[in-house]
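Engineer: First the structure, which I've put down as structure tokens, then a few questions once you've had a look.
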Amino acid sequence: YEECLQLIARIRDDYEANHLEMDLIIHIQLCLKEAIVLLACGDYEQCERVILEALAFSKKHQVYYKTDEFYRILSYQKVIMADKEQYLYYIKKSEQFAIFTENTLSVATVD
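So in this note's numbering, the last one in the sequence shown is 790, and the numbering has no gaps at all.
This is how it looks when you write it as structure tokens:
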């Protein structure tokens, strides 16, 4: 997992070093992959931080790609941490977003 996190950091560093602006979708994808790896490593606080930053980025740029997945990952994390209130909050956000976007596969995953 550490190698994955290092690769993600190198990708970001390469963009910055070459003064390139990362495509919005690539930025969101990197955040998603990083959050999944952090969750797998048990670094729940860092995982949540990455996701909340990605959601803020998405909102700022009005690109809501993978938003339902971010909320679903947050809900899984809250199950692991035995935080029922936050689990219910994030699973509801995931469901609302999936319904809003008419993503039937995502709605089925939440159910």
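We put the CB at the ideal spot given by N, CA and C, even for glycine.
Since this is a predicted model, take the numbers as computed values, not measurements.
#1: Are the CB atoms of residue 710 and residue 717 within a distance shorter than 7 Å?
#2: Give me the Cα-Cα distance between residue 770 and residue 701, rounded to the nearest whole angstrom.
#3: In the structure shown, what three-state DSSP assignment does residue 729 receive?
#4: Closest to residue 768 by C-alpha separation, out of 751, 688 and 724, would be which residue?
Structural biologist: Answer, in terms of the structure:
#1: The count along the sequence shown starts at 1 and reaches residue 717 at position 38. The count along the sequence shown starts at 1 and reaches residue 710 at position 31. Their beta carbons are not under 7 Å apart, which means residue 717 does not touch residue 710 by this criterion.
#2: Taking the sequence shown and counting its residues from 1, one reaches residue 770 at position 91. Taking the sequence shown and counting its residues from 1, one reaches residue 701 at position 22. Using only the alpha carbons, I get a separation of about 29 Å.
#3: By one-based count along the sequence shown, residue 729 stands at place 50. When secondary structure is reduced to three states using DSSP, residue 729 falls in the helix class.
#4: Locating residue 768 in the sequence shown gives position 89, where the first residue counts as 1. Per the Cα distances, 751.
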